[in-house]
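Right, one structure below, let's go through it.
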Amino acid sequence: MITLTYESFLTDHLAPLHSESDSLPLEVEGKIPSELMEGIYYKIGPSQRFIPYGYHHLTDGDGMIHAFRFLQDKIFYSNRWINTQCYELESRAKRSLFGSFLFPLEGDRSVRAIKPEKRSKANTNVVYHGERLLALEESGYPYVLDPISLKTKQALTSVNGRELHNITAHPKLDQDSGELHCINWHVLESEPNCTYTVFSKNGDIKLVHSINLPYRCVIHDFAITKDYIIIPIFPLLVDFDCVLKKKEKSLLHWYSDKGAYIGIMKKDPPFELTWFTIEPCYSLHTSNAYQRGHQIVLDLVLHNKPPVFNEMMNTTALNEKAQLIRFVFDLEKNCINKIALDSDDVYYNFPRIDDRLIGKGYDKTYACGIRGQHKNLLLESDALISFCHKTNTSSFYYPGSHYFTSEIVFVARGKDNYLLSLLYNKLTNKSELFIFIASTMLDGPIAIAKILHRIPYTFHGNWYDEKNFTSILIDKY
Ligand SMILES: [Fe+2]
């Protein structure tokens with residue numbers, strides 16, 4: 231059993247990077263596919279600048295964006311911290327002021343009254359939509375970035391006259407309409423609820439709908455289908471009573487007796503919603519969902535308890551299983567079928583698909599992960615996995631035991647399509663961008679771009695065609 235401590239989140243491959251860089255050309259082994267030219271792969275994660283104020287969790291680190299720009303047969307690397315309000319205040323103070331998100335009463339007296347939405351480190355995902363490149367963290371304001379210089383332009387606090395507090399780090403793009411669907415959770419409302427928000431193709435807010443929840447909890451990810459929104463609810467509760475009355479430090483607590491739910495809601499008014507009860511479990515990430523007649527298929531990575539978090543939340547689940555699971559909800563018979571898609575010794579992390587198939591039938595889930603019981607995804611991820619939903623089989627690419635693997639991104643370009651993944655080489659203490667032809671991932675990368683240093687552990691990223699940015703390169707903010 232591996233024990234994660236305060237120090238674990240600041241050492242080895244999780245340790246912060248303390249420098250920024252601008253358009254550094256990378257040495258590349260192999261041939262960069264010409265189809266990827268004039269595209270940019272963005273990846274984001276935490277990189278803590280100052281000695282933490284108190285307890286430090288991986289998700290507390292200052293957001294840093296990394297960009298790989300494919301241009302003129304080369305790859306150029308840039309990275310920058312996201313200049314959030316936290317970043318600015320701590321820059322002026324020249325030290326940490328904010329405590330961990332887990333311990334809301336900690337932190338310097340000068341910042342204790344600052345509301346949750348202003349505490350975003352913007353370190354979780356980077357998404358382009360409606361002419362905005364957004365750095366996202368689910369509990370706070372999104373930050374608008376310049377797509378080339380990566381400079382932070384502003385916090386997105388309102389859109390077409392409507393206030394915006396926080397949006398999910400996992401918005402779902404409807405490929406047919408261009409609309410961006412979001413489930414945003416809130417901690418300070420009087421009743422447990424979340425908000426369903428839809429951004430129209432041009433980035434305006436099209437609708438906002440409030441949804442009552444069985445309990446007050448965080449919602450990291452969700453899913454969409456053609457007609458429905460799928461809202462998974464797990465009993466990792468935001469518990470103010472524990473902090474304010476029982477004087478416990480942690481805001482999040484695991485209550486398995488509260489049960490888990492999957493909400494299936496129509497996308498359109500009157501937003502009919504059905505809650506299905508499932509046995510207590512936890513999931514950080516969905517793979518995809520789609521409709522099949524009167525059934526809804528939902529694929530996600532399921533844990534028995536929350537992984538990564540620590541014993542302060544009443545769970546010691548550090549090496550939790552992370553199995554690829556399918557739930558099939560029959561809307562007519564009102565019943566659920568749960569199917570294990572892969573064996574329980576394969577641990578999946580950061581499942582991704584060909585994004586053109588979001589909400590539709592699909593045949594591949596890509597993930598990083600490990601095979602073997604009682605391993606820890608945060609520390610031991612050594613494989614890239616392709617799961618075929620047609621044959622129900624997983625295939626593994628092992629780059630070598632000295633590599634730590636991370637999220638795979640599917641790039642729909644050219645006749646081949648490509649996969650990108652940022653790996654950490656423990657022997658050189660540097661990171662490398664692996665580029666695969668999608669259909670032949672198991673044969674290994676066709677090109678590897680060598681970064682001159684280690685990139686700290688990253689969460690999520692996306693690849694975008696530079697043509698997207700033509701209209702916003704003239705600064706409009
Ligand atoms: Fe995530």
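Counting in this note's numbering, the sequence shown runs from 231 upward without gaps.
Yeah, the Cβ is synthetic: ideal placement off N, Cα and C, and Gly gets one too.
Under DSSP, the beta-bridge partners assigned to H411 are K402 and V428.
Take L319, set aside five residues on each side of it, and the residues of its chain with a beta-carbon closer than 7 Å to its own are L327 and V341, in chain order.
The Cβ atoms of L649 and A668 sit closer than 9 Å to each other. Residue F333 holds the alpha-carbon nearest to the alpha-carbon of Y283 among F333, C412, F640 and N414. H690 is bridged by DSSP to I274.
Checking the DSSP bridge columns, you'll see D451 has no partner listed. Cβ contact annotation for A365 (same chain, cutoff 7 Å, sequence separation greater than five): I274, G293, I295, I312, A352, V356, P372, Y373 and L375, in chain order.
L403 and A297 do not touch by the CB rule: their CB atoms are close to 20 Å apart, not below 8 Å.
For K304, same chain residues with a beta-carbon under 6 Å away, outside a window of 5 residues either side, are P255 in chain order. For T621, the closest of T595, Y627 and R643 by C-alpha to C-alpha distance is T595. Under DSSP, the beta-bridge partners assigned to T507 are Y491. S420 and D673 have their C-alpha atoms roughly 54 Å apart.
Under a 10 Å Cβ-count criterion, S264 is classified as exposed, with fewer than 16 other Cβ atoms of the shown protein chains found around its own Cβ. Residue burial annotation: R586 is exposed, with fewer than 16 other C-beta atoms found within 10 angstroms of its C-beta. If you ignore the 5 residues before and after L657, its C-beta comes within less than 7 Å of the C-beta of H632, all in its own chain and listed in chain order.
Below 8 Å, enough C-beta pairs join the region 484-493 and the region 457-466 to call them touching: three or more. Separation of R299 and K680 (C-alpha to C-alpha, rounded to the nearest whole angstrom) is 14 Å.
Taking C-beta atoms as the reference points, H690 and T354 count as a pair closer than 9 Å. Annotation for A323: the continuous alpha helix (DSSP H) segment containing it runs Q315 to A323. At a threshold of 8 Å, L514 counts as near ligand 1, since its beta carbon sits closer than that to one of the ligand's heavy atoms. The criterion of a C-beta distance shorter than 9 Å is not satisfied by F666 and I583.
Taking 8 Å as the cut-off, the C-beta of T354 counts as close to a heavy atom of ligand 1.
Nearest to H439 by C-alpha distance, out of H411, D457, A453 and G589, is H411. The beta carbons of S651 and I638 sit about 5 Å from each other, so the pair counts as a contact at 8 Å. Its Cα nearest to that of K563, the residue Q525 stands out among Y445, Q525 and N579.
Taking non-hydrogen atoms of ligand 1 into account, the C-beta of D451 is found less than 8 Å away from one of them. Setting aside the 5 residues that flank it on each side, I281 is surrounded in the same chain by S326, each with a C-beta closer than 7 Å to its C-beta; the list follows chain order. In this structure, D574 places its C-beta atom within 9 Å of the C-beta atom of K551.
In this structure, A399 has its CB closer than 8 Å to one or more heavy atoms of ligand 1. Boundaries of the beta strand (DSSP E) around V558: Q553 to D560. A buried status is given to N579, since no fewer than 16 other beta-carbon atoms sit within 10 Å of its beta-carbon.
Across the structure, E502 and T427 are spaced so that their CA atoms are roughly 16 Å apart. At a cut-off of 8 Å, the beta-carbon of H690 counts as near ligand 1: some heavy atom of the ligand is closer than that. In chain order, L403, V428, F429, S430, K431 and K436 place their CB closer than 8 Å to the CB of E409, counting only its own chain and leaving out the 5 sequence neighbours on each side.
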